[in-house]
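**Student:** I'd like to ask you about the structure that follows.
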Amino acid sequence: KETPLRLAVAANFAPVLDKIAGDFSARTGIKTSVTVASSGTLFAQIRNGAPFDIFLSADARRPQQLVSENLADSDSLIAYATGKLAYVSDNPAISDVDTLIASLNHNPGRLAIAHPELAPYGRAALQFLQKSGLEDEFAGRLVRGKNVLQAWQYFETGNVSQALVAASLVANKHEGKVVIPSFLHDEITQKLVIPGSSERHHDAMRFICYLVSESVQRSLKSAGYEPVQTPGVCR
Amino acid sequence: MPVSGDVTAIWLTLKLAALTSSILLIIATPVAWWLSCWQHRLKSVVLSVIALPLILPPTVLGFYLLLAFAPDSWPGQWWQSVFGTSLAFSFSGLVIGSVIYSLPFAVQPLYTGFTQLDRRYLEVGKTFNMGKFARFSRIVVPLCQSYFFVALGLTFAHTIGEFGVVLMIGGNIPGETQVIAIALYDHVEMGQYQQAHWLAAGLMLFSFLLLCILYGANRGGGRQWNFR
Amino acid sequence: MPVSGDVTAIWLTLKLAALTSSILLIIATPVAWWLSCWQHRLKSVVLSVIALPLILPPTVLGFYLLLAFAPDSWPGQWWQSVFGTSLAFSFSGLVIGSVIYSLPFAVQPLYTGFTQLDRRYLEVGKTFNMGKFARFSRIVVPLCQSYFFVALGLTFAHTIGEFGVVLMIGGNIPGETQVIAIALYDHVEMGQYQQAHWLAAGLMLFSFLLLCILYGANRGGGRQWNFR
Amino acid sequence: MEFSVTLPRTAEFTVEASASLLNFSMVGLTGHSGAGKTSLFRALAGLEKNAQVHSRFKNGALNRARVGLVFQEPLLLPHLTVEGNLQLATRYKASHRTISQDDDAIIAGCHCQHLLQRSPNGLSGGEAQRVALARALLNQPELLLLDEPLSAVDQSTRTSIMQWLRTVADQGLPMMLISHDISDLWLHCQSLLLMQDGQIVCHDVPAEVIHTMYKQSAGGRVQQVAVLAGPVVRAENSNAFTGFKCEGQLVYTTRCQDSENNRATLSVAAHSVVIDKNGQVPTSLDNQFMCEVQEIGPPIDEEVTVSLQRGSARLYATISVAAVKRLNLQNGDTVRASFPA
Amino acid sequence: MEFSVTLPRTAEFTVEASASLLNFSMVGLTGHSGAGKTSLFRALAGLEKNAQVHSRFKNGALNRARVGLVFQEPLLLPHLTVEGNLQLATRYKASHRTISQDDDAIIAGCHCQHLLQRSPNGLSGGEAQRVALARALLNQPELLLLDEPLSAVDQSTRTSIMQWLRTVADQGLPMMLISHDISDLWLHCQSLLLMQDGQIVCHDVPAEVIHTMYKQSAGGRVQQVAVLAGPVVRAENSNAFTGFKCEGQLVYTTRCQDSENNRATLSVAAHSVVIDKNGQVPTSLDNQFMCEVQEIGPPIDEEVTVSLQRGSARLYATISVAAVKRLNLQNGDTVRASFPA
Ligand SMILES: Nc1ncnc2c1ncn2[C@@H]1O[C@H](COP(=O)(O)OP(=O)(O)OP(=O)(O)O)[C@@H](O)[C@H]1O
Ligand SMILES: Nc1ncnc2c1ncn2[C@@H]1O[C@H](COP(=O)(O)OP(=O)(O)OP(=O)(O)O)[C@@H](O)[C@H]1O
Ligand code: MOO
Ligand SMILES: [Mg+2]
Ligand SMILES: [Mg+2]
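Chains as they are written, first to last, in the working numbering: chain Z, 84 to 318; chain X, 86 to 313; chain U, 86 to 313; chain F, 6 to 346; chain L, 6 to 346.
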């Protein structure tokens, strides 16, 4: 029995990856399985021997650290998507950054973000607040989910009326959504790497090439990510 | 070395654990007593319902609690109208969540204890003209002491360690809902393993001492075989 | 509607819960019995140690287990050398993790039950020239039936619902370590709420039925007051 | 006190017992194992939900009074010391004392002084029973039901406790006593209830009930008790005996003095009467009563009951057929009837 | 059988008992409540870890034999029916039977046939005791220790069970019996051990041991019972009476015939004995026994108990102080004791 190609993915990219992996399997006949957890959990697991073939982190730091600890193949360390931060709220009137910052100045409600130290989207959200001078305003009002998904759930279940989350999560939402321009926070570069323990380097590379192929990258745009330009790893 | 945020978290955790255990004892005692007296075909159904909070993964349970706490659901609305605050992301919400999640640990040992109690001791109390409450507090409680200690120990330990529900409904707000389990989780997730080790060791040691005291206090209750 | 991966997860979960509960009963029974017979100042210390797995947040406990299971740690090495497979991210690892995590739920009720048992019933068995094992299986077990059921119910439910430890040491690998709690967690995390609701409802219903059967089977044990 | 109790036990067995007890201080209850004695007590103490109890005690129903019960098993609370058990009973005692003795005297009366610091688990069977008894008494009940309270206590201790209990009962705490011990029942009870298959089949003075029990294997028969009565003459010999005149003869009694009317009575059970014909010879029996044989009953079980008369006083004597032959008894014979005071 | 047991109980109390019993079938053990009887049995049965037991039984130590014990409390297993309890004992019985009767006969001998389907929780005190006894017997022990096994059973049932137990004992299952019931001890035991403060102070035939006990408990009003026994002479007068010879005199009894050994016994309660001095006059009492006054006890409650003796036969008579005066009773007087058959 053939073991599937094991993909370990950070929570925010999971729904997108699910679909891409399905397409990949259909195209190549290589079975895949998707393991979802936070980047931190996956990182800890890989350091302790988790049998993953590709680690798709939500940030660049953790894959980098795996490489520097000789736990991953440095050749395979590449960016696969760039995240975008989005603001969502109940209020359909907020539709661009200016109205957003103005309303944030008046809106005293709670704001859900991902944990800044656990999730890159959380850090980006905090940077956005800092750069727009709202940090102090929201000091006591930040509700921190362990990852963007949880922050999104806080909003979606109605327990907060506004949240700063990954644009990918709100790709289908059209009202009350503002995509934060990327200059208001550090770039959210999501990188992947092939852990050293993987015995399926070849298949993993095939998947990576598929993921960074132009057509797939183009489709990421509608899913709320910026495509990445990858220098010729796959030639 | 623990950072200063951890100290607040420790304090919050103790408050939560103490409150949850106390509330659970207050709730579980009458429930378990009533169950132990009730003879009906549906009893095992009720017992199963009480065990259900264990079945759902804490995060999922937390998710459903989150749905219930939302200001547009009726429990959330009711709470808002009575207390004027929202339940989610508040300490009260944590307490409610923990109580629900730990309910089986309190009810099950007490229920078993009460069913195993020799009711003739209560009849003795009745012939002494003791009131219901006196019989309960002076006969049932001491005879079932061990069960109360087990219930207390399990709920207390479980509340300290539980974080799935709390993480979900608490929103990880330092000083308000960031209990130590979450702080510890954060350290691990951030890869701050050194700090995580310190905090884990401290937490274990402290809880260990508390439990030692708790179980030590039950010494007398260890050998109460119903001799005569 | 549950997806096909869920079916595998359900099967895996049942296997895990059944295995864990059985192993725990086998481990916890002698441990609890020995504890109930042991009279020593350090007893409350041992009891506290057994309760410790509850204190650590599951993810953190899982993290430490992960460290222990790693191929370069000595328990991991030992396992590797004996069984030739790695412990982390394997079903065996899950079983070991669940057993450790649920240990208090099995030991505590049994321990209380054994201490409350009237030892004179055992003396009766001794005068009948019954062997140690016969006395245990024919006198202790039926008299403590309720406690076994509580231990079984708690560990079973807890193993089904637990996911923090399992997520950490199991790695959420479908068909191998992705139990239903994690599948459910995934659905919630990925925003597939409809599927999550279905799965949660199914899980609850199924576990509920199992528990009903379990507690129903204990009917006879409900009223065994040590009359004479 | 009057009661009428219905308590279904098993499909075949129901306790249906009623009795009325007047001015009693200690009434015995006996009967075969499984006759329903314990069940009756539990119903009277209000511990059986299924029981229908109609009762009158003092001025109300029994359930409005404080009914103490010493269970057949001691049931000492294992988490308290002996002293703790006693204190618990004291704590919930009635404000109105029914036992005039103080608590220390009660504990001493039950031979428990030396056990106070002990744990119930380390007591012997008899010690535990005594503590259970003391505990019930310290609660100062208005009526005390004793279910074989001293069955595991040795005879001499039991006798001393029973005697002391009698004085407590006489001082105003009526008691009912279940016992299988004939001499306890005989010596300490004013009357006995005999229970059979859930019913009270006999209520009489101890000698009669006990005789009925002895006879039961050979089929039922009615036993006669005679009562002699008359004006008190003087305190004779000692203060234990009261003498009274009956049909011109002096009769002694130890109980049942009705000091108000200055009359005394004596119940004489047919079995305790000894007859002889040429009797001037003193015997150890304290009463001698000359009378005539009025009728010699039919032999049942090799025994006959002889009716005796003198004036309006009647006596019955149950003696063996052999004795009738030996004494050559005939109707109209004048005989001496001897019986205890 | 020989044993020597040391078992510390409390700081003040240690059981230190030893005895050697030769060829016994039923030996009684009696003594004050708390004297250490139960403790001794527990040590002999190997249930006390702290006990030092040196013993010889058959060809080895006692702990190598199968020692059955009927506990002072019935301790029926509550999760089994009565039948289940009995079956458990049967399942673990010795392969070598010590009781020749079959299991149904044992159950019937303990009067338990009708209880088989019942649950232990619904049994009366006496019923539970009988089941506990049957359970111990069904296990076919080599030595059976009985700790007040029938204390809650009514007298007639108890007598019938005790008689049956005697036949079982005589057929090869030696028993030791703790009891506070004088007539059981007197009637059914070959010898008695008297225990006091943890030591066996007296080991003799029943009459002597019981006499020792009575002397010790002077001060209490104990109903003293004597037992006369002797070889059956003939069925006299009628089939209701059995005559037997005791110290050269003919005594009649209505009960307690031991037909196998052709011996008969009669218990005589001290209160039913009538004494006179010049007694040739026939009375309605069926038994006349000439004997000597051995001792006149101290007056208690205006009554004294007179010890009477003829050869090795003893009798007690409880009579009033007035009667002693009236009869001018002195030690050494020859008197006639009359009592019912
Ligand atoms: N809780 C019960 N459920 C069913 N039957 C019962 C229950 N308690 C007693 N019985 C039955 O009712 C009958 C009377 O029992 P009870 O205990 O009143 O007898 P008793 O006269 O006290 O006997 P003893 O002298 O042996 O104590 C018995 O046959 C007994 O088996
Ligand atoms: N487990 C124990 N721990 C401490 N003391 C005990 C224990 N068991 C018995 N004793 C004490 O030892 C003494 C003897 O007890 P035991 O039970 O042998 O008396 P017994 O002769 O059987 O009395 P009874 O006739 O009342 O049953 C008593 O004073 C009792 O309190
Ligand atoms: O694990 Mo996340 O996807 O960093 O929020
Ligand atoms: Mg009874
Ligand atoms: Mg005893």
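Built from N, CA and C at the ideal position, the CB exists for glycine as well.
1) I'd like to check one pair, Ser-265 (chain Z) with Tyr-308 (chain Z): are the Cβ atoms closer than 7 Å?
2) In chain order, what residues of the same chain lie with their CB nearer than 8 Å to the CB of Arg-308 (chain U), ignoring the 5 residues before and after it?
3) Give me the chain X residues within the contact set of Gly-260 (chain U), using Cβ-Cβ distance strictly less than 8 Å, ordered along the chain.
4) Would you grab the beta carbon distance between Ala-191 (chain U) and Leu-109 (chain U) for me? Rounded to a whole angstrom, and I think it's under 8 Å.
5) Any heavy atom of ligand 2 closer than 6 Å to the Cβ of Phe-18 (chain L)?
6) Report, in whole angstroms, the separation of the C-beta atoms of Asn-55 (chain L) and Pro-13 (chain L), which I expect to be a contact under 8 Å.
7) With distances taken between CB atoms, is the gap from Ser-292 (chain X) to Thr-244 (chain X) smaller than 7 Å?
8) Taking all protein chains shown into account, decide if Ser-196 (chain F) is buried (16 or more other Cβ within 10 angstroms of its Cβ) or exposed.
9) Helix, strand or coil: which one does DSSP assign to Ala-346 (chain F)?
10) For Gln-236 (chain Z), does the count of other Cβ atoms within 10 angstroms reach 16, so buried, or fall short, so exposed?
11) Since His-101 (chain F) meets chain X, which of its residues come closer than 8 Å, beta carbon to beta carbon?
12) Can you tell me whether Thr-43 (chain L) sits near ligand 2, meaning its C-beta is under 6 Å from at least one heavy atom of the ligand?
13) Measuring only between beta-carbons, confirm whether Gly-279 (chain Z) sits less than 7 Å from chain X.
14) May I have the straight-line CA-CA distance separating Val-130 (chain U) from Gly-238 (chain X), to the nearest angstrom?
15) Which class does Gly-224 (chain F) belong to by DSSP, given the choice of helix, strand or coil?
16) Would you mind reading off the limits of the beta strand (DSSP E) that contains Tyr-257 (chain F)?
17) Please give the ranges of any alpha helix (DSSP H) in the stretch 247 to 281 of chain U, keeping only runs that are unbroken, at least 4 residues long and fully inside the region.
18) Between the stretch 151 to 167 of chain X and chain Z, which residues of the former have CB atoms less than 7 Å from a CB of the latter, in chain order?
19) Would you give the residue range spanned by the beta strand (DSSP E) that Asn-188 (chain Z) belongs to?
20) Is the Cβ of Gln-277 (chain U) closer than 7 Å to any Cβ of chain X?
21) Roughly how many whole angstroms lie between the Cα atoms of Pro-143 (chain U) and Met-275 (chain U)?
22) Report the option in X:Leu-150, X:Ala-302, X:Leu-288 and X:Leu-299 whose CA atom is closest to the CA atom of Leu-97 (chain X).
23) Quick one: what's got a C-beta closer than 6 Å to Phe-241 (chain U)'s C-beta in the same chain, skipping five residues either side?
24) Find out if the Cβ-Cβ distance for the pair Gly-246 (chain X), Leu-139 (chain U) is shorter than 7 Å.
25) Am I right that Val-232 (chain F) and Phe-344 (chain F) are in contact with their C-beta atoms under 8 Å? What's the rounded C-beta distance?
26) Counting only C-beta atoms, is Ala-94 (chain F) closer than 7 Å to chain X at any point?
27) Can you tell me whether DSSP reads Ile-305 (chain L) as helix, strand or coil?
28) When you compare the CB positions of Asp-156 (chain Z) and Ile-277 (chain Z), do they come within less than 7 Å of one another, or not?
29) On a Cα-Cα basis, can you pick out the residue from F:Asp-108, F:Arg-341 and F:Gly-114 that is closest to Ile-280 (chain F)?
30) To which residues does DSSP link Tyr-308 (chain Z) through a beta bridge?
31) Please state the DSSP three-state secondary structure of Arg-14 (chain F).
32) What residues of chain U sit near Phe-76 (chain L), judged by a beta carbon separation below 8 Å?
33) At the level of alpha carbons, what is the spacing between Asn-126 (chain L) and Lys-42 (chain F)?
34) For a contact meaning CB atoms closer than 8 Å, what does Leu-201 (chain Z) contact in chain X?
35) What residues in the stretch 54 to 76 of chain F have a beta carbon less than 8 Å from any beta carbon of chain X?
36) The stretch 173 to 199 of chain X: which residues have C-beta closer than 9 Å to a C-beta of chain Z, in chain order?
**Tutor:** Per the coordinate set shown:
1) As a working mapping, residue 308 (chain Z) is identified with position 225 in the first sequence. As a working mapping, residue 265 (chain Z) is identified with position 182 in the first sequence. If you check the CB distance, Tyr-308 (chain Z) and Ser-265 (chain Z) do not come in under 7 Å.
2) Residue 308 (chain U) sits at position 223 when you count from the first residue of the third sequence. With a pLDDT of 45 at Arg-308 (chain U), under the threshold of 50, the predicted position of this residue should be treated as unreliable, though the coordinate-derived value follows. In the same chain as Arg-308 (chain U), and ignoring 5 residues on each side of it, no C-beta atom comes closer than 8 Å to its own.
3) As a first step, residue 260 (chain U) is located in the third sequence; it is residue number 175 there, counting from the start. Residues of chain X passing the Cβ test: none, with the nearest at roughly 19 Å.
4) By 1-based counting over the third sequence, the position of residue 191 (chain U) is 106. By 1-based counting over the third sequence, the position of residue 109 (chain U) is 24. Correct: roughly 4 Å between the Cβ atoms.
5) Translated into the one-based positions of the fifth sequence, residue 18 (chain L) becomes position 13. Shortest gap from the CB of Phe-18 (chain L) to any heavy atom of ligand 2: under 6 Å.
6) The residue labelled residue 55 (chain L) in the question sits at position 50 within the fifth sequence. The residue labelled residue 13 (chain L) in the question sits at position 8 within the fifth sequence. Right, their Cβ atoms sit about 6 Å apart.
7) Locating residue 292 (chain X) in the second sequence gives position 207, where the first residue counts as 1. Locating residue 244 (chain X) in the second sequence gives position 159, where the first residue counts as 1. At the C-beta level, Ser-292 (chain X) and Thr-244 (chain X) stay beyond 7 Å of one another.
8) Position 191 of the fourth sequence holds residue 196 (chain F). It counts as buried.
9) Indexing the fourth sequence from 1 puts residue 346 (chain F) at position 341. It is coil, neither helix nor strand.
10) Residue 236 (chain Z) sits at position 153 when you count from the first residue of the first sequence. Around the beta-carbon of Gln-236 (chain Z), 16 or more other beta-carbon atoms lie within 10 Å, marking it buried.
11) The count along the fourth sequence starts at 1 and reaches residue 101 (chain F) at position 96. None at all; the shortest Cβ gap to chain X is about 12 Å.
12) By 1-based counting over the fifth sequence, the position of residue 43 (chain L) is 38. Checking the Cβ of Thr-43 (chain L) against ligand 2 gives yes.
13) Along the first sequence, one-based indexing puts residue 279 (chain Z) at 196. It does not; no Cβ of chain X falls within 7 Å.
14) Position 45 of the third sequence, counting from 1, holds the residue named residue 130 (chain U). Position 153 of the second sequence, counting from 1, holds the residue named residue 238 (chain X). Their Cα atoms are separated by approximately 13 Å.
15) In the fourth sequence, the residue the question calls residue 224 (chain F) occupies position 219. Low confidence applies to Gly-224 (chain F): its pLDDT is 35, below 50, so where it sits in the model is not reliable, and the reading given next is rough at best. Three-state result, Gly-224 (chain F): coil.
16) Here residue 257 (chain F) corresponds to residue number 252 of the fourth sequence, with the count starting at 1. Per DSSP, Tyr-257 (chain F) belongs to the beta strand (DSSP E) from 254 to 258.
17) For the alpha helix (DSSP H) assignment, the uninterrupted runs of no fewer than 4 residues enclosed by the stretch 247 to 281 of chain U are, from N- to C-terminal side, 249 to 255 and 265 to 274.
18) Interface annotation for the stretch 151 to 167 of chain X against chain Z: Leu-151, Leu-152, Phe-154, Ala-155, Pro-156 and Asp-157, criterion Cβ-Cβ distance under 7 Å.
19) Here residue 188 (chain Z) refers to the residue found at position 105 of the first sequence. Segment 180 to 189 is the alpha helix (DSSP H) holding Asn-188 (chain Z); no beta strand (DSSP E) there.
20) Within the third sequence, the letter at position 192 stands for residue 277 (chain U). No, because no Cβ of chain X sits closer than 7 Å to the Cβ of Gln-277 (chain U).
21) Counting from one through the third sequence, the residue named residue 143 (chain U) turns up at place 58. Counting from one through the third sequence, the residue named residue 275 (chain U) turns up at place 190. About 22 Å.
22) Mapped onto the second sequence, residue 97 (chain X) falls at position 12. Ranked by Cα distance from Leu-97 (chain X), the options X:Leu-150, X:Ala-302, X:Leu-288 and X:Leu-299 are led by X:Leu-288.
23) Position 156 of the third sequence holds residue 241 (chain U). Counting only Cβ-Cβ distances below 6 Å, and skipping sequence neighbours, we find Ala-102 and Ser-106.
24) Position 161 of the second sequence, counted from the start, is the residue given in the question as residue 246 (chain X). Position 54 of the third sequence, counted from the start, is the residue given in the question as residue 139 (chain U). Taking 7 Å as the Cβ cut-off, Gly-246 (chain X) and Leu-139 (chain U) qualify as a contacting pair.
25) Position 227 of the fourth sequence, counting from 1, holds the residue named residue 232 (chain F). Position 339 of the fourth sequence, counting from 1, holds the residue named residue 344 (chain F). About 12 Å separates the beta carbons of Val-232 (chain F) and Phe-344 (chain F), which is beyond the 8 Å limit, so they are not a contact pair.
26) Indexing the fourth sequence from 1 puts residue 94 (chain F) at position 89. Closer than 7 Å to some Cβ of chain X, the Cβ of Ala-94 (chain F) qualifies, so yes.
27) Within the fifth sequence, the letter at position 300 stands for residue 305 (chain L). In the three-state reduction of the DSSP assignment, Ile-305 (chain L) falls in the strand class, which pools E and B.
28) Within the first sequence, numbered from 1, the residue matching residue 156 (chain Z) stands at position 73. Within the first sequence, numbered from 1, the residue matching residue 277 (chain Z) stands at position 194. Less than 7 Å divides the Cβ of Asp-156 (chain Z) from the Cβ of Ile-277 (chain Z).
29) Residue numbering aside, residue 280 (chain F) sits at position 275 when the fourth sequence is read from its first letter. It is F:Arg-341 whose Cα lies nearest to the Cα of Ile-280 (chain F).
30) Against the first sequence, residue 308 (chain Z) aligns to sequence position 225. Per DSSP, Z:Gly-166.
31) By one-based count along the fourth sequence, residue 14 (chain F) stands at place 9. Looking at Arg-14 (chain F) - three-state DSSP - the assignment turns out to be coil, as it is neither helix nor strand.
32) Counting from 1 along the fifth sequence, the entry for residue 76 (chain L) is found at position 71. Simply Arg-205, Glu-208 and Val-209.
33) Residue numbering aside, residue 126 (chain L) sits at position 121 when the fifth sequence is read from its first letter. Residue numbering aside, residue 42 (chain F) sits at position 37 when the fourth sequence is read from its first letter. Pairing Asn-126 (chain L) with Lys-42 (chain F), the inter-Cα distance amounts to about 16 Å.
34) Your numbering for residue 201 (chain Z) matches position 118 in the first sequence. Going along chain X in sequence order, the residues near Leu-201 (chain Z) (Cβ under 8 Å) are Asp-271, Glu-274 and Met-275.
35) Cβ contacts with chain X come from Arg-71, Val-72, Gly-73, Leu-74 and Phe-76.
36) Considering only beta carbons, the part of the stretch 173 to 199 of chain X lying closer than 9 Å to chain Z consists of Ala-173 and Phe-174, in chain order.
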